[in-house]
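For the sequence shown, the working numbering assigns the number 1061 to the initial residue and increments by one for each residue that follows. A virtual CB, placed ideally from N, CA and C, is assigned to each residue, including glycine. Report on the following structure.
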Amino acid sequence: MGFKHPIWVRFFGSKPEKSRDKQVPTPLVHESKETQTIVTPPPIPTVKVELELPGEHALNRLCDLRVQRAKGQLRPRLALEGREDFSNDQLRRELGRLQRVVTMASNSRLKKVTSMESMKAGSSAVSAKKEGTLPEKQTDPPKEQEAPSVHLDAQPLVHIAADKLSAWLMVFAPVGDGKEIDEELLENALKEKGITFGVDRELLKKLPLNKERYFSLFVIARGKPAVQGKDGYVKEYFERVVERKFEVDEHDRVDYASLNFFQSVEKGEVLCEAILPIQGEPGRTVEDKEIPVKEVKAAALNKGRNTEISEDGTKLFASQAGHVEYSGKTFHVKSVLEIAEDVDYSTGNIDYMGDVHIHGNVSSGFSVQAAGDITVDGVVKAGSIEAGGDLIVAKGIVGGSQSIVRANRNVYAKYLENSNVHARQNLQADSIVNSDVYCDGDIEVRSGRGIIVGGRVRAARRISAKVVGSKFESQTAIFLGGEPCVEFDRQVLVDNIENCEKELEKLERRPDSPSKIEQISSIQFELMEDRMKLEQMDEEIKHFDEEVQSHGGCRLTCDLAYAGITLNICDVMMKLNRESSMCTARLVDGEIQIV
């Protein structure tokens, strides 16, 4: 078997183009003049590829018998047509199947012809011997072979595709005075193969009159491919994660007052919509058997806080005004507590299970606690802040010795001055002055002045600033590595454990009493809880350190580092004794290197 199209040459190799009758071979790929193009690898899959058989193939020998009767030229034309959906691999496999079917049928038919000829030749020899007319041994064969003296009717051959979606028909020409093909013979051949669906009735009627009816492959039946359906899905109208974008003006400053990370929503507004699935359509094979389709899945909507699902189950909408957040595989609407002016004696301390937006300042001595985000348009003046989400302070934080500002996620502030600030994720500011900062992520001080001077600044991974320290060699300490916030909480926990153990020793020296037993039981329970928490924190810190090292370790990056700053990276300390510009400090082989 040979293939002249470049696809099949790659798969099966090629043979020199020659013919037994020295005829120009018919091209294997037939295209109109309008569609003929030069194809370069990788070739475009074709929808019509012809199978070329070797000269000694049984089908070619059967063609020769037909030529002797028809007095013309004839050669097999076995082109697979009508399957645009076939991939290269599928077409290659189908050609292989076709070759096997045609070869087996051709060999069987040729065997019948030769056996019948042998029988007739043997019978003629016996008759001639009896009559005494047996010729002497013939040495030279006749130049032209006489027409065969055997007779076979035309024989249809049906080939069904592997996926049962197509059937092709080829008819062997009659031999000798055998019967020509007719519609009834074709119908019977299809019936024997069980082909009842998608039959080309028009072809059945016209084929007996077609000049190329023999030794050519025709598409006789087409099945109906199955159309797979589509699963339902959820179309979302709000972002799951709001991207934090900081726009810097021409003076290299960030307007923290314009940082609005809220996705506002009105009551009744649709948050997301469940798009219904599209049902598939079963197909049918040429044998009239159903081709099933996969069941489609509907998309489910999950109800979040302050949301409702429509009666038909296709829409999730807000049941109140607020802002949208995504967590726990669904959208939630959080209400925002608006404080029109300052947090002071007119409002008292704030403790709210949502988001808080303060349009003024947080006065000294007052506290604001929120389960969600806290936004302050003014200044935090020595007040205590604790945000379950992000903390955004448009103007800055001026702390005091007793106040602590905490955020369970990120802190964004214009400046930090004499502050004690904890950020469990990242921190960004224009300047940090004489502050005690704990950050379990990255610290970015690049906008505005971009200066870190005085105090102690701790970050788990990276600190980036324009300037670190001052030319007056102010006491500025930089710590990198670990989880500063977790380690701070760990130290508080250790102190509490020590205090509980001391208290327990005091209680054990006291005389026995019901109150003593109750107090000891309470302290022992608290100790057990604290020790378990301590073990979990130690494991978390260890895992975090390994993760940081796998990502390249910790580093300090700055445009200018003044002499006098103290740098600690993973418990390795050095004091900078000279001014360095455009430098990066990191730990290499147990030593801090500045490049």
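Since residue i and residue j are thought to touch, with beta carbons under 8 Å apart, how far apart are those beta carbons, to the nearest angstrom?
i       : j       : result
Val1259 : Ile1280 : 7 Å
Val1356 : Glu1341 : Not really, about 11 Å apart at Cβ, beyond 8 Å.
Gly1420 : Gly1438 : 5 Å
Ser1395 : Asn1362 : 20 Å between Cβ atoms; not a contact.
Arg1169 : Leu1122 : 6 Å
Ile1511 : Lys1526 : 6 Å
I'd like to check one pair, residue j with residue i: are the Cβ atoms closer than 7 Å?
i       : j       : result
Ser1491 : Arg1506 : no
Asp1665 : Arg1522 : The structure shown does not extend to residue 1665, since the chain is modelled only from 1061 to 1655, so the question has no answer here.
Asp1450 : Gln1429 : no
Leu1336 : Gly1292 : yes
Ala1214 : Pro1234 : yes
Gly1459 : Ala1442 : yes
Cys1560 : Leu1587 : yes
Thr1435 : Ile1457 : no
Glu1154 : Gly1254 : no
Glu1398 : His1417 : yes
Leu1050 : Leu1553 : This structure cannot speak to residue 1050, because the chain is shown only from 1061 to 1655.
Val1632 : Ile1652 : yes
Val1384 : Phe1298 : yes
Tyr1498 : Cys1545 : yes
Arg1313 : Tyr1386 : no
Thr1536 : Gly1542 : no
Val1481 : Val1465 : yes
Ile1538 : Val1517 : yes
Ser1689 : Asn1409 : The question about residue 1689 has no answer here: the residues shown for the chain are numbered 1061 through 1655.
Thr1374 : Ala1334 : yes
Ala1359 : Val1294 : yes
Asp1658 : Ile1557 : Residue numbering for the chain in the displayed model covers 1061 to 1655; residue 1658 lies beyond these limits and cannot be assessed.
Leu1229 : Phe1278 : yes
Val1570 : Lys1576 : Checking the sequence, you will find Arg at residue 1570 rather than Val. Yes, the Cβ-Cβ distance between Arg1570 and Lys1576 is below 7 Å.
Glu1244 : Leu1264 : no
Which residues in the same chain have their Cβ closer than 6 Å to the Cβ of residue i, if we skip the five residues on either side of it in sequence?
i       : result
Ser1495 : Leu1476, Ser1479, Gly1515
Ala1165 : Leu1217
Leu1487 : Val1471, Cys1499, Ile1503
Glu1639 : Tyr1622, Ala1623
Gln1205 : Only weak support exists for where Gln1205 lies, its pLDDT of 44 falling under 50; the value from the coordinates is given anyway. Nothing listed; no residue qualifies.
Ala1473 : Val1453, Gly1456, Ile1457, Ala1489
Asn1468 : Gly1448, Arg1484
Within the same chain, show all residues whose beta-carbon is closer than 7 Å to that of residue i, passing over the 5 residues directly before and after it, in chain order.
i       : result
Glu1368 : Phe1377, Ser1379
Lys1239 : Asp1213, Ala1214
Glu1296 : Cys1332
Lys1635 : Thr1626
Leu1111 : Met1061, Leu1138, Leu1155, Leu1158, Gln1159
Met1642 : Asp1619
Leu1113 : Met1061, Leu1119, Asn1120, Pro1136
Pro1201 : Because Pro1201 carries a pLDDT of 49, less than 50, the predicted location of this residue cannot be relied on, and the following value inherits that uncertainty. Excluding residues within five positions, none has a Cβ falling inside 7 Å.
Val1655 : Cys1643, Thr1644
Asn1637 : Ala1623
Starting from residue i, follow its DSSP beta bridges and name the residues at the other end.
i       : result
Ile1625 : DSSP lists no partner for Ile1625.
Gln1429 : Asp1411, Glu1446
Leu1616 : Ile1523, Ala1645
Ala1227 : Ile1220, Ala1281
Tyr1498 : His1482, Arg1518
Glu1296 : Cys1332
His1417 : Glu1398, Thr1435
Tyr1274 : Looking at the DSSP assignment, Tyr1274 forms no beta bridge with any residue, so it has no partner.
Glu1017 : Residue numbering for the chain in the displayed model covers 1061 to 1655; residue 1017 lies beyond these limits and cannot be assessed.
Ser1491 : Tyr1475, Ile1511
Glu1651 : Val1648
Lys1602 : Paired residues: none, contrary to the question.
Phe1232 : Gln1215
Lys1253 : In the DSSP output, where bridge partners are listed per residue, Lys1253 has none listed.
Just to confirm my understanding: we take residue i, look at its own chain, exclude 5 residues before and 5 after, and list those with CB closer than 8 Å. What are they?
i       : result
Pro1285 : Asp1145, Leu1225, Gly1343, Ile1351
Gln1579 : Leu1567
Arg1273 : Val1231, Ile1241, Leu1267
Asp1583 : Before going further, note that residue 1583 is Ile rather than Asp in the sequence given. Cβ neighbours of Ile1583 beyond the five flanking positions: Cys1560, Glu1563, Leu1564, Leu1567.
His1117 : Thr1163, Ser1166
Val1325 : Phe1298, Leu1331, Ala1378, Ala1381, Gly1382, His1383, Val1384, Val1393
Ala1400 : His1419, Gly1420
Val1308 : Val1314, Ser1507
Measure from the C-beta of residue i to each C-beta in chain D and report whether the shortest distance is under 7 Å.
i       : result
Gly1328 : Although the question refers to chain D, the structure presented lacks it and comprises just one protein chain.
Check: For the stretch 1524-1584, which segments carrying the beta strand (DSSP E) assignment without a break, of at least 3 residues, lie completely within its bounds, in sequence order?
Finding: 1536-1540
Next item on the list: For the stretch 1331-1408, list the alpha helix (DSSP H) runs that are entirely contained and at least 4 residues long, ordered along the chain.
Entry: none
Checklist line | Start-end ranges of the beta strand (DSSP E) lying completely within the stretch 1138-1167, minimum 3 residues | finding: 1138-1140
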